[in-house]
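Chains A and B, in that order, are what the protein sequence lines are. Sequential numbering from 1 applies to the first sequence in UniProt numbering. Sequential numbering from 1 applies to the second sequence in UniProt numbering. For each residue, glycine too, the CB sits at the ideal point set by N, CA and C. So the structure is just underneath, and the comments pick up after that.
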Amino acid sequence: MAFFQNSFSIKIHPEWSLFLDHARQHFFRILIISLSCLLSIAFSVDSQVPEVQIVVNPSVESKDLSVAQIRRIFSMRQTTWSNDTKITVYVLSNQHQTHQAFSTKVLGMFPYQLDRIWNKLVYSGLGEEPIKVKSEQEMLERVSQKPGAIGYVMQQVNDNNVKVIKVLEE
Amino acid sequence: MKLTTRITCLGLGLIFQSFCLNAESLKINGFVAQGIVQAKDSNFVNDSGDVSLKLTEVGVNSAYRINPSLRVAGQAVYLDGGNRYPDGFRIDYLFLEWQLLNSANWQIKTQIGRNKNYHWLYSSTRDVPHTRPSIVLPQSLYFDVFRDVAIGVDGLVLMAQTHNNLGEWDINFSYGNSRISEEQKNNLLGSNTTGKLRHDEDTQFSVYWRPKLSNFQLGFSLLDADFSYHQGENDTFFTGDETSQRIMFNLLYQGKSWEIASEVMRERVIVENMLFPGFTSDVTAEGGYLQARYFLSNQLTLLTRLDIYDRDRQDRDGRNIQTLSQGLVPGYFGLMDQATVGVTWKFAKNIQIQAEYHKIKGTGRLAPIFTPNTVLNADKYWDMWAVQLMYWF
Numbered sequence: 001m002a003f004f005q006n007s008f009s010i011k012i013h014p015e016w017s018l019f020l021d022h023a024r025q026h027f028f029r030i031l032i033i034s035l036s037c038l039l040s041i042a043f044s045v046d047s048q049v050p051e052v053q054i055v056v057n058p059s060v061e062s063k064d065l066s067v068a069q070i071r072r073i074f075s076m077r078q079t080t081w082s083n084d085t086k087i088t089v090y091v092l093s094n095q096h097q098t099h100q101a102f103s104t105k106v107l108g109m110f111p112y113q114l115d116r117i118w119n120k121l122v123y124s125g126l127g128e129e130p131i132k133v134k135s136e137q138e139m140l141e142r143v144s145q146k147p148g149a150i151g152y153v154m155q156q157v158n159d160n161n162v163k164v165i166k167v168l169e170e
Numbered sequence: 001m002k003l004t005t006r007i008t009c010l011g012l013g014l015i016f017q018s019f020c021l022n023a024e025s026l027k028i029n030g031f032v033a034q035g036i037v038q039a040k041d042s043n044f045v046n047d048s049g050d051v052s053l054k055l056t057e058v059g060v061n062s063a064y065r066i067n068p069s070l071r072v073a074g075q076a077v078y079l080d081g082g083n084r085y086p087d088g089f090r091i092d093y094l095f096l097e098w099q100l101l102n103s104a105n106w107q108i109k110t111q112i113g114r115n116k117n118y119h120w121l122y123s124s125t126r127d128v129p130h131t132r133p134s135i136v137l138p139q140s141l142y143f144d145v146f147r148d149v150a151i152g153v154d155g156l157v158l159m160a161q162t163h164n165n166l167g168e169w170d171i172n173f174s175y176g177n178s179r180i181s182e183e184q185k186n187n188l189l190g191s192n193t194t195g196k197l198r199h200d201e202d203t204q205f206s207v208y209w210r211p212k213l214s215n216f217q218l219g220f221s222l223l224d225a226d227f228s229y230h231q232g233e234n235d236t237f238f239t240g241d242e243t244s245q246r247i248m249f250n251l252l253y254q255g256k257s258w259e260i261a262s263e264v265m266r267e268r269v270i271v272e273n274m275l276f277p278g279f280t281s282d283v284t285a286e287g288g289y290l291q292a293r294y295f296l297s298n299q300l301t302l303l304t305r306l307d308i309y310d311r312d313r314q315d316r317d318g319r320n321i322q323t324l325s326q327g328l329v330p331g332y333f334g335l336m337d338q339a340t341v342g343v344t345w346k347f348a349k350n351i352q353i354q355a356e357y358h359k360i361k362g363t364g365r366l367a368p369i370f371t372p373n374t375v376l377n378a379d380k381y382w383d384m385w386a387v388q389l390m391y392w393f
């Protein structure tokens, strides 16, 4: 405070001076409390964001899938389940927040990579691309209706007509 | 009507008939693209070097799953690329696919019919505008004059996919041949030829590896192709043979903002008796490109690429060509290096516009290959630009 007063010859009201001295003494305490508040807000916001959940038709026997296996399924490399049932893959559009979260956080791929793979399949005759749906609600409906179907949603799943698959980290 | 067209009409007819029976098993997709292009001081697009609309690509494809093991797929395209390749309708692919094995660890299938070339990074979709990084692909490897031969073969393809602790593996093998049209022959040999050029045999093998959960891909491919020329009446060429043997390596990295791609090749070309009885030529060409794409946003992508090609690795500046032709063919016909910058703007769902500029040194990849056109390609340095609007469904 003396520095400010000497350097700039500013006359500060004694009550303000007392307040600033007090504030300086508690600066680090205030800083830590503020950061804690910010962090707690950040974490509370994060915890409110639901994770992407992989959903399958109840006819699918698997209870869990590895990340590599989910990659193979959504890259259309693996086209049947272990019991020889055909896998029907449903996806949301590239712009959909859930598709972006699924692609980057679950598969560890960027949406454009999936697009390239599917384009190659379709335009060189190699295979089929996944079926595009417009909303998570449609995703749940179609996965629940098609045996062997797989998809993903970010909302809480309270639907007994689909099964949530556990993702096994590699 | 040509045999391939008949077969295709029949195939498409069967597919559409099946469509009525089982709509869920039928898929139809396609693309339409029109562009504007100019390659001044060269005959790459047209002989005048003027601005041209000869940059049209239209295609429709369909696939029908007969049962879990059998599938039919076909694509018909209309292309007009000026001098780059013969224009008109053609069957891009039409094959019957048979899934031989589909287990948890292995998927093996075979395709019989007209197949695509699945061995190079962009070979299987080089005519599909929105799947290409640029309108004109690097000419060292994706040589437009040779397009119809390199696009695929009538024959057999065997494909295997597997995975292990190291990552994912793709193994491809193809065997067959392709029909060389009169225009394609003229592009390669020149318009003074009256004989027949045949693509007798084409064998290719490739392996791709993607390390587990990584954004990298590495691959290599081998090619062995045999051609024969059968002399016609009053022909300037003689009955002879040509063999191409190519080895290629490729690398692809796909990051959040960057994509890096590179392919390099070494190709041995043996020509026997074609120019005159007893003539033999055995040269090894080298080429390759390094390409970077930067994703400015979901809509905008920037591209930069350097592509290098030397027709003879023992004669990189083409001095021997100049000497052997007694000065008639300049040395720059022995090389072709290409620097490219471009931008892609996807401004609506399934619609995008691509624009690019190429600065080129050399004319080693310009038609006709065997009888260089030194009048239309009188400049060592030339440039090209192109803009193309494309829609796909």
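Bridge-paired residues (DSSP) for residue i
i	result
B/Gln388	B/Gly35, B/Gln354
B/Arg266	B/Ile247, B/Glu286
B/Arg305	B/Gln291, B/Thr340
A/Thr80	A/Lys86
residue 394 of chain B	Given that chain B is displayed from residue 1 to residue 393, the structure contains no residue 394 of chain B and the question cannot be resolved.
B/Tyr142	Answer is none; B/Tyr142 lacks a bridge partner.
B/Phe237	DSSP, once it has assigned bridges, lists no residue as partnering B/Phe237.
B/Ala73	B/Ala63, B/Phe95
A/Phe110	Looking at the DSSP assignment, A/Phe110 forms no beta bridge with any residue, so it has no partner.
B/His163	B/Glu168
B/Tyr229	B/Leu197, B/Gly240
B/Asn177	B/Asp154
A/Ser66	A/Leu168
B/Tyr319	The amino acid at residue 319 of chain B is misidentified as Tyr; the sequence shows Arg. None, per the DSSP bridge assignment.
Cβ of residue i within 8 Å of any chain D Cβ
i	result
B/Val128	The question asks about chain D, but that chain is absent: this structure's protein chains are A and B.
Integer-rounded CB distance, given that residue j should sit under 8 Å from residue i
i	j	result
B/Tyr309	B/Arg246	With 8 Å as the limit, B/Tyr309 and B/Arg246 do not qualify as a contact, their Cβ atoms being about 13 Å apart.
B/Phe205	B/Met248	11 Å between Cβ atoms; not a contact.
B/Asn117	B/Ala150	6 Å
B/Lys54	B/Gly88	With 8 Å as the limit, B/Lys54 and B/Gly88 do not qualify as a contact, their Cβ atoms being about 12 Å apart.
B/Glu97	B/Ala73	7 Å
B/Val145	B/Asn187	5 Å
B/Ala261	B/Leu121	6 Å
B/Val363	A/Ser124	The amino acid occupying residue 363 of chain B in the given sequence is Thr; Val does not appear at that position. Contact doesn't hold; Cβ gap of about 31 Å is too wide.
B/Ile270	B/Glu242	7 Å
B/Leu213	A/Val67	6 Å
B/Gln354	B/Gln322	In fact, because the Cβ distance is near 37 Å, the residues do not count as touching under 8 Å.
Residues of its chain near residue i, where Cβ-Cβ distance is below 6 Å and the 5 sequence neighbours each way are ignored
i	result
B/Ala225	Asp202, Ser244
B/Arg147	Tyr85
B/Ile180	Leu197, His199
B/Asn61	Asn29, Gln75
A/Asn161	Ser144
B/Arg316	Asp310
B/His230	Gly195, Lys196, Thr239
Contacts around residue i, its chain only, beta-carbon distance under 8 Å, and the 5 residues preceding and following it disregarded
i	result
B/Leu156	Thr110, Gln111, Ile112, Asn115, Ser174, Tyr175, Gly176
A/Met76	Val89, Ile117, Trp118, Leu121, Gly127, Glu128, Glu129, Pro130
B/Asp127	Glu57, Gly59, Val77, Leu79, Asp92, Ile151
A/Val52	Thr98, Ala101, Phe102, Lys105, Val106, Tyr152, Val153, Met154
A/Glu136	Leu92, Thr98, Val153, Met154, Gln155
Beta-carbon contacts of residue i that lie in its chain and below 7 Å, excluding the five residues immediately before and after
i	result
B/Ser352	Looking at the sequence provided, one finds Gln at residue 352 of chain B rather than Ser. Taken in chain order, the residues that qualify are His130, Thr344, Trp345, Lys346, Met390.
B/Asn377	Ser42, Asn43, Thr363, Leu366
Given 8 Å, three or more beta-carbon pairs between the stretch 120–131 of chain A and the stretch 55–72 of chain A:
Between the stretch 120–131 of chain A and the stretch 55–72 of chain A there are fewer than three C-beta pairs closer than 8 Å, too few to call the two in contact.
Count the CB pairs spanning the stretch 152–169 of chain B and the stretch 133–141 of chain B that are closer than 8 Å, and state whether there are at least three.
Too few Cβ pairs lie closer than 8 Å, so no.
Segment contact flag, the stretch 94–104 of chain A with the stretch 149–157 of chain A, C-beta cutoff 8 Å, min 3 pairs:
The stretch 94–104 of chain A makes contact with the stretch 149–157 of chain A; the number of CB pairs closer than 8 Å reaches 3 or more.
Any C-beta of chain B within less than 8 Å: which residues of the stretch 53–72 of chain A qualify?
Of all residues in the stretch 53–72 of chain A, Val67, Ala68, Arg71, Arg72 have a Cβ within less than 8 Å of some Cβ in chain B.
Compile a chain-ordered list of the residues in the stretch 355–385 of chain B whose CB is closer than 9 Å to at least one CB of chain A.
Going along the stretch 355–385 of chain B in chain order, one finds no residue with a Cβ nearer than 9 Å to chain A.
Between the stretch 76–86 of chain A and the stretch 132–149 of chain A, do at least 3 Cβ pairs fall closer than 8 Å?
Because the criterion of three Cβ pairs below 8 Å is met, the stretch 76–86 of chain A and the stretch 132–149 of chain A touch.
Does the contact criterion of 3 or more C-beta pairs under 8 Å hold for the stretch 279–299 of chain B versus the stretch 253–270 of chain B?
With a cut-off of 8 Å, the stretch 253–270 of chain B and the stretch 279–299 of chain B count as touching, because enough Cβ pairs lie within range.
Using a Cβ cut-off of 8 Å, which residues of the stretch 160–192 of chain B contact any Cβ in chain A, in chain order?
Along the stretch 160–192 of chain B, the positions whose C-beta sits under 8 Å from a C-beta of chain A are Gln161, His163, Glu168, read in chain order.
For the stretch 285–308 of chain B, which residues have a beta carbon sitting closer than 8 Å to at least one beta carbon of chain A?
Of all residues in the stretch 285–308 of chain B, only Phe295, Asn298 place a beta-carbon less than 8 Å from a beta-carbon of chain A.
Between the stretch 325–344 of chain B and the stretch 372–389 of chain B, can you find at least three pairs of beta-carbon atoms closer than 8 Å?
Yes: the two stretches touch, three or more of their Cβ pairs being nearer than 8 Å.
Looking at chain A, which residues of the stretch 194–213 of chain B have a Cβ within less than 8 Å of any of its Cβ atoms?
For the stretch 194–213 of chain B, residues whose beta-carbon sits nearer than 8 Å to a beta-carbon of chain A comprise Lys212, Leu213.
Relative to chain A, which residues along the stretch 243–259 of chain B have a C-beta separation below 7 Å, given in chain order?
For the stretch 243–259 of chain B, the set of residues with a beta-carbon nearer than 7 Å to any beta-carbon of chain A comprises Gln254, Lys256, in chain order.
Anything in the stretch 94–125 of chain A with a Cβ closer than 8 Å to a Cβ of chain B? List those residues in chain order, please.
Of all residues in the stretch 94–125 of chain A, only Asn94, Gln95, Gly108, Met109, Phe110, Tyr112, Gln113, Arg116, Asn119, Lys120, Val122, Tyr123, Ser124, Gly125 come within less than 8 Å of chain B when Cβ atoms are compared, listed by chain position.
Along the stretch 93–107 of chain B, where does the CB come closer than 9 Å to a CB of chain A? Name the residues.
Listed by position, the residues of the stretch 93–107 of chain B near chain A (Cβ gap below 9 Å) are Tyr93, Leu94, Phe95, Glu97, Gln99, Asn102, Ser103, Ala104, Gln107.
Proximal residues, the stretch 57–71 of chain B versus chain A, C-beta separation under 7 Å:
Asn61, Ala63, Pro68: these are the residues of the stretch 57–71 of chain B whose beta carbon lies less than 7 Å from some beta carbon of chain A, given in chain order.
Interface residues of the stretch 73–87 of chain B facing chain A [CB-CB below 8 Å]
Residues of the stretch 73–87 of chain B with a C-beta atom less than 8 Å from some C-beta of chain A are Ala73, Gly74, Gln75, listed in chain order.
At a CB distance below 7 Å, what residues from the stretch 27–43 of chain B approach chain A? Give them in sequence order.
From the stretch 27–43 of chain B, only Lys27, Asn29 have a Cβ closer than 7 Å to chain A.
What are the residues of the stretch 121–152 of chain B that lie near chain A, defined by any Cβ-Cβ distance shorter than 8 Å?
Listed in chain order, the positions of the stretch 121–152 of chain B with a beta carbon within less than 8 Å of a beta carbon of chain A are Ser124, Thr125, Val128, His130, Thr131.
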